[in-house]
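Top to bottom, those sequences are chains A and B.
The numbering used here numbers the first residue of the first sequence as 1 and each following residue consecutively.
The numbering used here numbers the first residue of the second sequence as 1 and each following residue consecutively.
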Amino acid sequence: NAGVTQTPKFQVLKTGQSMTLQCAQDMNHNSMYWYRQDPGMGLRLIYYSASEGTTDKGEVPNGYNVSRLNKREFSLRLESAAPSQTSVYFCASRGQGAGNQPQHFGDGTRLSIL
Amino acid sequence: GEDVEQSLFLSVREGDSSVINCTYTDSSSTYLYWYKQEPGAGLQLLTYIFSNMDMKQDQRLTVLLNKKDKHLSLRIADTQTGDSAIYFCAESPEAGTASKLTFGTGTRLQVTL
């Protein structure tokens, strides 16, 4: 029962480096999401993909890009990392259907930018 | 935009009841969720309530919704040390395929012996 798998679990980058965070789900879900979690601020939506082939900006998209590679995979890219992007990043997925279909979360990627 | 607020911290003794509160601003909220996050882990869905309901009970968990005051609460009966975690309230204003969630800041529940 893998569910939502994120890699890597931890990463340290220097300012200006680039990095791609990987996310894959094995539940045949249509929608996928990327969030960042910062102390005292809850989770904020970066980008989401309602279905394969579509992506849309969330609340805090600046400095990030995403790719919905196929139905299973949704990656998040930092082109030029900044210290303000130090955070814990969560990927989630959701099946199609009525609104009570919950979002399922991965265990997160802890990213530090020096 | 939508706003969801929670208190940051709650401490209770083992065996007591815990009540975690949440307020939201979006009157079109359709579904309201409670997620639990244990240290080093992702978010786990605990329960949810549809906006036309006042209460939902699931074993030790009771969710109360006051739609008029836009107030949601989660009561955990007979709180155990394993309940120590961060609890997030979230709301979704739409039942469409994207169904974006707006999260509160999270309430850290500490259970003492």
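Beta carbons: idealized from backbone N, C-alpha and C, even for Gly.
query	result
Cβ pair Leu43(A), Thr109(A) closer than 8 Å	no
Distance, Pro93(B) Cα to Lys100(B) Cα	8 Å
Interface partners of Phe88(B) on chain A, CB under 8 Å	Gly42, Leu43
Reference Asn66(B), options Gln59(B), Asp78(B), Leu32(B), closest by Cα	Leu32(B)
Nearest neighbour of His29(A), chosen from Gly16(A), Gln17(A), Asp38(A), Gly3(A) [CA to CA]	Gly3(A)
8 Å CB neighbourhood of Val12(B) in its chain, flanking five on each side removed	Ser18, Thr79, Leu109, Gln110, Val111, Thr112
8 Å Cβ cutoff, Phe74(A) in contact with chain B	no
Cβ pair count under 8 Å reaching 3, the segment 32-43 of chain B against the segment 62-77 of chain A	no
Proximity below 8 Å, CB of Leu10(B) to CB of Thr107(B)	yes
For Asp26(B), the three-state DSSP class (helix, strand or coil)	coil
Residue interval of the beta strand (DSSP E) (run including Asn65(A))	65-68
9 Å Cβ cut-off: residues of chain B touching Pro61(A)	Simply none; closest approach about 13 Å.
Reference Val60(A), options Trp34(A), Ser51(A), Glu52(A), closest by Cα	Trp34(A)
Rounded separation between Glu5(B) and Gln85(A) - CA only	23 Å
Run of the beta strand (DSSP E) containing Asn66(B), from where it starts to where it stops	61-66
Within-8 Å CB hit, Lys67(B) to chain A	no
Chain B contacts from the segment 85-96 of chain A (Cβ-Cβ distance under 7 Å)	Phe90, Arg94, Gln96
Simplified DSSP state of Asp69(B), which is helix, strand or coil	coil
Beta carbon of Ser93(A) nearer than 8 Å to that of Met19(A)	no
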